[in-house]
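Student: Supplied in structure tokens, the structure appears directly below.
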Amino acid sequence: MYPSDFDPDFGLGIWSTQITELLTGPPSPLLSIALAGNNVMLSWSNSAAGYQLQSSTNLIAAATWSTLAQTPVTNGVLVSSLVQISGRQQFFRLFHP
């Protein structure tokens, strides 16, 4: 509480309070990458339901992200997708629509 005004009719100070609440969502899932021969294996937690694996060739603000065509597989703990190395730089992210 903090003093915010004075009420001359009653000769008392007026006190105010402010409540601020910061709402945040669950943390984003961690995306792991590992070399697998001529491919890379991208993996994330099975608890990240609804996320799509996307790629882009750059990280500029106006970058175009595309959902990968590969259907990910799961072992009950991790979701994984094997992506062929294309010879050009690629960036990956998990996106929740």
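Going by the working numbering, the letters in the sequence shown line up with residues -11 to 85, in that order.
Virtual Cβ for every residue (Gly too), placed ideally from N, Cα, C.
Let me confirm a value: Val65 is counted as buried when at least 16 other C-beta atoms fall within 10 Å, else exposed. Which label applies?
Tutor: The residue labelled residue 65 in the question sits at position 77 within the sequence shown. It is exposed - the Cβ of Val65 has fewer than 16 other Cβ atoms within 10 Å.
Student: Give the DSSP bridge partners of Ser54, in chain order.
Tutor: Taking the first residue of the sequence shown as position 1, residue 54 is located at position 66. Ser54 is bridged to Ser43.
Student: Do Ser44 and Ala51 count as a contact pair if the criterion is CB distance below 7 angstroms?
Tutor: Taking the first residue of the sequence shown as 1, we reach residue 51 at position 63. Taking the first residue of the sequence shown as 1, we reach residue 44 at position 56. Yes, the pair counts as a contact, with Cβ atoms nearer than the cut-off.
Student: Per DSSP, Leu19 forms a beta bridge with which residues?
Tutor: Indexing the sequence shown from 1 puts residue 19 at position 31. According to DSSP, Leu19 bridges with nothing at all.
Student: Would you kindly check if the distance between the Cβ of Leu19 and the Cβ of Ser69 is under 7 angstroms?
Tutor: Sequence index remark: in the sequence shown, residue 69 carries index 81 (1-based). Sequence index remark: in the sequence shown, residue 19 carries index 31 (1-based). No. Outside cutoff.
Student: Chain B beta carbons: is any one of them nearer than 7 angstroms to that of Glu9?
Tutor: Here there is only one protein chain, and chain B is not present.
Student: Please state the DSSP three-state secondary structure of Ala24.
Tutor: Position 36 of the sequence shown, counted from the start, is the residue given in the question as residue 24. The answer is strand: DSSP assigns Ala24 an E or B state.
Student: Per the DSSP calculation, Ser68 is bridged to which residue(s)?
Tutor: Reading the sequence shown from its first residue, position 80 is the one you call residue 68. Ser31 and Val61.
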